[in-house]
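First residue of the sequence shown? That's 0 in numbering that gives the first Met the number 0, and the numbers climb one at a time after it. By construction, the Cβ of each residue, glycine as well, lies at the ideal position given by its N, Cα and C atoms. Predicted, not measured: the structure shown is a model, and the values here were computed from it.
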Amino acid sequence: MRRWLSGTATGIVSTIIEALEELRIHRGRVLLSLIGVAVAVCALTTVVGAGAIAEQAGREMSERSGGRPATVTLNASSADGALDARTADTAWRTALDRHGIEYASRVGYGSLTVQFADGAVPVSMQIVDPDFGLMHRVRLAEGAWFTERDADRMAPALIVNEAFWTRLGNPELATHPTVELIGRGATIGVVTGVTPAQGEWDTEPTAFMLTDSYLPLQTATPDPMMGGPSTSFEMWIPDGSVDELTESMKRAFQAELGEGAAVDGWRSDYGAMEGDPFLPIKLMVVGVAVVILLLGALGLLTIALVTVRGRIREIGIRRSFGATAGRVFFSVLMETVVGTFVAGVVGVGVAIALVRSPLMGMALGGAEVQDMPGFPVEAALIGIGAAVAVGALAGLLPALGAVRVKVIDAIRF
């Protein structure tokens, strides 16, 4: 057994060395085809790697609107249609503590009048808690997101959009720019952050404000009012126990609110969708990769057939000196396999450099991706595996043709 294994290993190694030598001798004929394979593998691996970045960008875009998986939204109401904000807040915090939920936020919408240099303007406010920024991947162009300490400020903190900031004159945040906020009363707010424009339509001033800072300023007849029907309560919970935790939180929240209260809830992140929401991206990546691979295989097959036809005399001489059909078959096959393996390694290396380059990140929206994924290992394995598979398939027909060469015909050739 040991002798057989030793002989087999020696035969494989000698065949690979022979294949490398043949590649060196015929490098002029095979170089172009191997360059084509390297380019095809580079394109294939780049497409797979870029697809991972595009998928992550799509996930983050979805998470900015619906929250990270799994984000659950609860709505509470009472029998008389009015729900006291303080009562709801206490019941919400009690239910969260009972279930050990770490990330949660009250979410609502309101309006305050802001005194700009050119006049007082009603400004839409999104009313949130500090965890909202992490749960929804809120991006900032300047400054920092809310912290728990911001709720204790004498001057409420504001995170404004670019339209708001531009109307203030784009002041440096280090100077702690302030604005007058007018609601039930009047107070001074401090701008601590700026969110980037969401598009050409984002031209009206808006702002984020902490719930505890907004409640004292809300008007007597808000539209909508925090604590009213538009208030929602969001929590970020483990994806594997969504249904159980949601039902338990609904019961606990409703019990804390007291008799006559009703609570309903649903999952708001993209995980609530049936099937894989990113399946179209994956199918597109696979389709492009297969086309690229087929083009590379076709080019290599053409060159390999031409090369073997030019070596008929050489193959015939080898057969006349005792080379078996299996040895000739394996030798010709390994020439393409070894060559495409080397080309595959080169192609994968170039693909890694391309995918990790800033230019590729910008082209794929990488500037918008907070958690940029590393180069996927499976992409490198697919690239090298595809190169070897292409080499084996492209070398199969030439190897079969070499085995069928008759010694006498080859010498006459």
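Within its own chain, the residues whose Cβ lies closer than 6 Å to the Cβ of Thr-205, once the five positions on either side in sequence are excluded, are Ser-123, Asn-160, listed in chain order. In this structure the region 115-130 touches the region 141-151; the number of beta carbon pairs closer than 8 Å is three or more.
Our two residues, Glu-62 and His-135, have alpha carbons roughly 6 Å apart in a direct line. Secondary structure at Thr-230: coil, using DSSP grouped into helix, strand and coil.
Residue nearest to Tyr-108 within the set Thr-210, Val-193, Ala-156, Gly-382 is Thr-210 (criterion: CA-CA distance).
Ranked by how close their Cα comes to the Cα of Val-106, the residues Val-71, Arg-97, Val-113 have Val-71 in first place.
Phe-145 sits in coil when the DSSP states are folded into three classes, being neither helix nor strand. Taking every protein chain shown into account, the CB of Gln-197 has fewer than 16 other CB atoms within 10 angstroms, so this residue is exposed. For the 8 Å CB-CB criterion, Phe-340 and Gly-390 form a contact. The C-alpha of Ala-260 is placed about 14 Å away from the C-alpha of Asp-88.
Only residues of its own chain outside the window of five on either side were considered, and among them Phe-328, Val-331, Leu-332 have a CB closer than 7 Å to the CB of Ala-398, listed in chain order. Ser-64 is classed as exposed because its beta carbon has fewer than 16 other beta carbons within 10 Å across all chains shown. Nearest Cα to Glu-255 within the set Thr-186, Val-241, Thr-177, Arg-97: Arg-97. Within its own chain, the residues whose Cβ lies closer than 7 Å to the Cβ of Val-241, once the five positions on either side in sequence are excluded, are Ala-69, Val-71, Arg-266, listed in chain order. The Cβ-Cβ distance between Ala-350 and Gly-48 falls below 8 Å.
Under DSSP, Asp-263 takes part in a beta bridge, and its partners are Asn-74. Between Val-40 and Gly-286, the CB-CB gap reaches or exceeds 8 Å.
In this structure, DSSP gives Ile-236 a state outside helix and strand, which the three-state scheme calls coil.
Between the alpha carbons of Thr-194 and Thr-45 lies a gap of roughly 32 Å.
A residue is called buried once 16 or more other Cβ atoms fall within 10 Å of its Cβ, and Gly-66 is buried on that count. With a 10 Å radius around the Cβ and a threshold of 16 neighbouring Cβ atoms, Leu-111 comes out buried. Of the candidates Ala-185, Phe-207, Phe-232, the residue whose Cα lies closest to the Cα of Leu-216 is Ala-185. DSSP, read as helix, strand or coil, puts Ser-61 in helix. Setting aside the 5 residues that flank it on each side, Ala-378 is surrounded in the same chain by Thr-44, Val-47, Gly-48, each with a C-beta closer than 6 Å to its C-beta; the list follows chain order.
For Arg-105, the uninterrupted beta strand (DSSP E) segment begins and ends at 102-115. Distance between Met-283 and Leu-167, taken at the CA atoms: about 45 Å.
Of the other Cβ atoms in all chains shown, 16 or more fall within 10 Å of the Cβ of Trp-91; this residue is therefore buried. With fewer than 16 other beta carbons inside 10 angstroms of its own, Ala-173 counts as exposed. Ranked by Cα distance from Thr-218, the options Met-371, Pro-121, Val-347 are led by Pro-121. Excluding residues up to 5 positions away in sequence, Asn-160, Glu-161, Ala-162 lie with their Cβ nearer than 8 Å to the Cβ of Asp-201 in the same chain. Around Met-234, the same chain offers Val-71, Ile-100, Ala-103 as residues with beta carbons nearer than 6 Å, after the five sequence neighbours per side are excluded. For Gln-253, the CB contacts under 8 Å within the same chain, skipping 5 residues up- and downstream, are Ala-75, Ala-260, Ala-261, Val-262 in chain order.
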